[in-house]
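Student: Just passing along the structure, written as structure tokens.
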Amino acid sequence: MGHAVMTHTQNQPGEVHLDALPHTIQDAFDALMDQADQAADHRDLTAYALLHDQATRLIGIRPPASGELARCTCQSCYCTAVFDANKARCYMDGPIEFVQCETCADEHRLTGDE
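Going by the working numbering, the sequence shown opens with residue 104, and the numbers climb by one from there.
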């Protein structure tokens, strides 16, 4: 008799709001993402990918298809969503790029021209 293998990731959410997690997890997540940004600045894409994977496991979400996480930085609300970077909606406000999650983009899409 064979046994079906069910992966744990099927039961995990695709996004999480950081403010729902303990502060120690939030701080550890921020540290990993800062390290990932530094790795990207040095074009160390292997380290970048590994750090995003560690951050994904830390916050308990399903690994994103893109392998890359994004954080909502919407200027219209206080949103702390972390999600698959492929689902990010980005806009420029002057020289600064901001990211909206799907919910923020649906509820109050910004273009930087406001």
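Here a beta-carbon is modelled for each residue, glycine too, at the ideal position from N, C-alpha and C.
On a predicted model such as this, the values are computed, not experimentally measured, just so you know.
DSSP three-state call for residue 181: helix, strand or coil?
Tutor: coil
Student: Output needed for residue 151: all residues of its chain with C-beta closer than 7 Å, excluding positions within five of it in sequence on either side, in chain order.
Tutor: 139, 142, 143
Student: Taking C-alpha atoms, which residue in 157, 119, 115 lies nearest to residue 185?
Tutor: 119
Student: So, helix, strand or coil for residue 171, using DSSP?
Tutor: coil
Student: May I ask you to verify whether the stretch 173 to 180 touches the stretch 196 to 206, counting CB pairs closer than 8 Å and requiring at least 3?
Tutor: In short, these stretches touch, since the Cβ pair count reaches three.
Student: Contact defined as beta carbons within less than 8 Å: I believe residue 164 pairs with residue 129. What is the distance between those atoms, to the nearest angstrom?
Tutor: So it is not a contact: roughly 14 Å between Cβ atoms.
Student: Just to confirm, is the Cβ distance from residue 132 to residue 161 under 9 Å?
Tutor: Yes, they are a contact pair.
Student: Helix, strand or coil for residue 164, going by three-state DSSP, please let me know.
Tutor: coil
Student: With DSSP run on the structure shown, which of helix, strand or coil describes residue 118?
Tutor: coil
Student: Do residue 147 and residue 170 come within 9 Å of each other at the CB atom, strictly closer than that value?
Tutor: no
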